[in-house]
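> Sharing a structure here in structure tokens format.
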């Protein structure tokens with residue numbers, strides 16, 4: 008196994024500051040709807056005749072956030088291709104700063120709702136850009152861990168909202184109670200934007216834009232290994248990347264792919280979209296964001312009052328941090344993506360069955376049975392243990408892996424669009440649904456969990472240990488060079504080809520489109536905009 012590169016690990020961890028912003032921004036409403044001053048400032052009723060109107064407002068602000076996220080995700084299909092993975096993250100930072108600032112200073116409910124949409128747009132860009140960027144920096148044997156940093160940071164953002172919200176709960180005489188938590192979400196994104204000037208651009212994106220010398224320099228540094236002073240493995244990787252790029256370019260010409268929409272004529276691309284977007288919809292189908300965003304209401308229905316629901320949210324998200332960390336460091340790169348993904352779906356479904364039963368017999372009957380209500384809280388925590396350790400990271404790893412270089416940005420954008428669209432649907436209708444059908448709303452997610460376990464078992468491939476280029480073969484597309492899955496003869500042939508291959512900083516040339524004069528440009532120089540048009 009290739010040893011970890013500390014520089015690559017540090018880059019992926021620093022990029023995950025954007026993921027903290029996503030986790031914080033997505034979950035902050037969970038503690039906001041537990042703050043009395045927020046209701047008072049915007050003149051919203053917490054009970055009585057005006058509660059129905061309040062439910063519409065809370066549903067709308069979650070729906071607007073998800074709608075903005077869906078559009079922001081689609082926007083990255085263009086930015087990741089035209090400007091690069093790193094530049095997309097920088098754009099996302101700028102949008103999040105605008106949205107977070109407006110949210111913090113909101114003077115009325117209309118301004119607040121608009122800020123939620125803008126913040127959602129920035130978050131949609133961030134949640135596409137960060138795991139995509141991490142996936143293209145990592146070695147095949149550590150890709151799950153690198154993308155797992157996204158999930159770990161996301162859960163950290165969720166946990167921060169709970170503890171900060173709990174602390175602010177006791178400032179009951181001013182709007183500081185809810186404005187300060189909104190202001191905190193600006194900190195990680197400001198740090199990321201300031202430090203992003205020192206981050207490297209994705210070697211694969213640089214290579215696809217003819218900047219092969221720059222691409223090799225970045226890959227060499229990211230995958231340097233003290234046990235491999237000659238960069239033998241990195242050279243093999245770079246050779247594989249260049250040959251796969253040439254092969255993809257030839258196939259575009261053979262299939263007459265000129266514009267991005269032409270990719271939808273390829274069955275393998277549609278298959279990949281089904282897997283990538285499906286992973287997002289499967290996770291949404293467990294009800295994860297419904298449970299998270301309405302925890303305060305759930306705990307209050309379970310008889311937990313005051314600031315305790317907000318504190319429980321913080322501990323609930325700490326369980327999520329533990330689960331995501333366990334998944335990133337000990338599960339995905341060792342046991343694969345698929346087995347634990349199925350376990351997580353099944354575990355979430357079972358937890359929701361018990362939660363529905365306890366809600367029916369103890370919550371909706373107005374029972375004061377402490378044991379029954381206590382088990383209601385327990386199963387909410389069991390739910391997040393399954394979800395975070397088996398599902399949360401996996402959804403981002405899967406959608407970042409299954410697409411080839413030429414469509415990875417487009418594919419990840421479509422996949423995450425599915426997440427936000429599904430979230431907008433379920434989170435938007437949750438307050439009204441809980442009020443109308445109560446415990447039966449949980450059963451919708453239970454049924455989806457049953458169906459989704461079967462879908463993953465039957466249709467999802469295992470990608471553990473393969474390079475991004477080798478995953479193409481799982482979808483029926485040709486692979487130019489085998490590296491991680493090469494047999495003895497293939498490896499000997501690869502070593503011979505690499506010896507004959509002229510690296511960008513050596514003598515000779517590589518037979519591929521080149522822009523050598525641009526190859527020495529720094530990571531953050533302006534790059535001429537490109538389109539999805541195949542190079543002739």
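Numbering (the numbering used here), first residue to last: 8 to 543. We put the CB at the ideal spot given by N, CA and C, even for glycine.
#1: What is the residue span of the alpha helix (DSSP H) that residue 361 lies within?
#2: Once DSSP output is grouped into helix, strand and coil, what is the label at residue 510?
#3: Please report the distance separating the alpha-carbon of residue 454 from that of residue 198.
#4: Buried or exposed: which applies to residue 447, given that a residue is buried once 16 or more other Cβ atoms fall within 10 Å of its Cβ?
#5: Could you have a look at residue 489 and say whether DSSP puts it in helix, strand or coil?
#6: Flag this pair as yes or no: are the beta carbons of residue 149 and residue 340 separated by less than 8 Å?
#7: Quick check: the segment 127-139 against the segment 93-113, are at least 3 beta-carbon pairs closer than 8 Å?
#8: Going by Cα to Cα distance, which pick from 438, 322, 478, 328 is closest to residue 384?
#9: With C-beta atoms as the reference, is residue 449 less than 8 Å away from residue 359?
#10: Residue 79 and residue 129: beta carbons closer than 8 Å?
#11: Taking Cβ positions, are residue 164 and residue 75 nearer each other than 8 Å?
#12: Which residues in the same chain have their Cβ closer than 6 Å to the Cβ of residue 579, if we skip the five residues on either side of it in sequence?
#13: For residue 23, which residues in the same chain have their Cβ closer than 6 Å to its Cβ, ignoring the five residues on either side in sequence?
#14: If contact is defined by three or more beta carbon pairs under 8 Å, each pair taking one atom from either stretch, is the segment 427-444 in contact with the segment 375-390?
#15: From 288, 316, 275, 457, pick the residue whose C-alpha is nearest to that of residue 411; which is it?
#16: Using CA atoms only, rank isn't needed, just tell me which of 52, 209, 169 is closest to residue 90.
#17: Could you tell me the alpha carbon to alpha carbon distance between residue 490 and residue 240, rounded to whole angstroms?
#18: So what's residue 51 in DSSP terms, helix, strand or just coil?
#19: Please determine, among 451, 218, 192, 204, the residue with the shortest C-alpha to C-alpha distance to residue 291.
#20: Distance, Cα to Cα, residue 247 vs residue 502?
#21: Between 87, 15, 33, which has its C-alpha nearest residue 145's C-alpha?
#22: Which same chain residues, not among the five before or five after residue 469, have their C-beta less than 6 Å away from its C-beta?
#23: Taking only runs that begin and end inside the segment 209-262, name each unbroken alpha helix (DSSP H) of 4 or more residues, in chain order.
#24: Check the C-beta distance from residue 352 over to residue 430 and give it rounded, since I have them as a contact under 8 Å.
#25: Can you give me the start and stop residues for the alpha helix (DSSP H) that residue 150 sits inside?
#26: DSSP on residue 142, reduced to helix/strand/coil?
#27: Just tell me which of 29, 70, 244 has its CA closest to the CA of residue 102.
#28: Contact defined as beta carbons within less than 8 Å: I believe residue 12 pairs with residue 231. What is the distance between those atoms, to the nearest angstrom?
#29: Helix, strand or coil: how does DSSP classify residue 467 here?
#30: Do residue 408 and residue 475 count as a contact pair if the criterion is CB distance below 8 Å?
#31: Restricting to Cα atoms, I'd like to know which of 327, 115, 369, 261 is closest to residue 3.
#32: Whose C-alpha, out of 166, 185, 169, 81, is nearest the C-alpha of residue 114?
#33: Exposed or buried, residue 483, counting other C-beta atoms within 10 Å across all chains shown (16 or more means buried)?
#34: CB-CB under 6 Å to residue 170, same chain, minus the five flanking residues each way: which ones, in chain order?
#35: Reducing DSSP to helix, strand and coil, say where residue 13 ends up.
In brief:
#1: Counted as a single uninterrupted DSSP element, the alpha helix (DSSP H) harbouring residue 361 occupies residues 345-365.
#2: It is coil, neither helix nor strand.
#3: Residue 198 has its alpha-carbon roughly 42 Å from the corresponding atom of residue 454.
#4: Using a 10 angstroms sphere on the CB of residue 447, the tally of other CB atoms stays under 16, which defines it as exposed.
#5: Coil, per DSSP.
#6: Their beta carbons are under 8 Å apart, which means residue 149 touches residue 340 by this criterion.
#7: By the Cβ rule, the segment 93-113 counts as touching the segment 127-139, because three or more pairs are nearer than 8 Å.
#8: Relative to residue 384, the option among 438, 322, 478, 328 whose CA is nearest is 322.
#9: Going by C-beta atoms, residue 449 is nearer than 8 Å to residue 359.
#10: Yes, the pair counts as a contact, with Cβ atoms nearer than the cut-off.
#11: With respect to the 8 Å criterion, residue 164 and residue 75 are not classified as neighbours on the basis of their beta carbons.
#12: It is not possible to answer for residue 579, since the shown part of the chain is limited to 8 through 543.
#13: Taking residue 23 as the centre and dropping the five residues before and after it, the same chain places the C-beta of 156, 157, 160 closer than 6 Å to its C-beta, in chain order.
#14: Contact fails: fewer than three Cβ-Cβ distances are below 8 Å.
#15: The candidate whose alpha carbon is nearest that of residue 411 is 275.
#16: With distances taken between Cα atoms, residue 90 lies closest to 209.
#17: The straight-line gap from Cα to Cα measures roughly 9 Å.
#18: When secondary structure is reduced to three states using DSSP, residue 51 falls in the coil class, being assigned neither helix nor strand.
#19: For residue 291, the nearest C-alpha among the options comes from 451.
#20: Here the alpha carbons of residue 502 and residue 247 stand approximately 11 Å from one another.
#21: Closest in alpha carbon position to residue 145, among 87, 15, 33, is 15.
#22: Taken in chain order, the residues that qualify are 343, 345.
#23: Here the runs fully enclosed are 210-215, 219-229, 239-261.
#24: Contact flag wrong, Cβ pair sits at about 17 Å.
#25: 150-175 is the extent of the alpha helix (DSSP H) around residue 150.
#26: If DSSP states are grouped into helix, strand and coil, residue 142 belongs with the helices.
#27: Taking only the C-alpha atoms, the option nearest residue 102 is 29.
#28: Contact holds; Cβ gap of about 6 Å.
#29: DSSP places residue 467 in coil when its eight states are reduced to three.
#30: It is a contact, given that the beta carbons lie within the stated cut-off.
#31: The structure shown does not extend to residue 3, since the chain is modelled only from 8 through 543, so no value can be given for it.
#32: 185 is the residue among 166, 185, 169, 81 whose C-alpha sits nearest the C-alpha of residue 114.
#33: Counting Cβ neighbours within 10 Å, residue 483 comes out exposed, since fewer than 16 surround it.
#34: Excluding positions up to five away in sequence, the list reads 321.
#35: Of the three classes helix, strand and coil, the one that applies to residue 13 here is helix, per DSSP.
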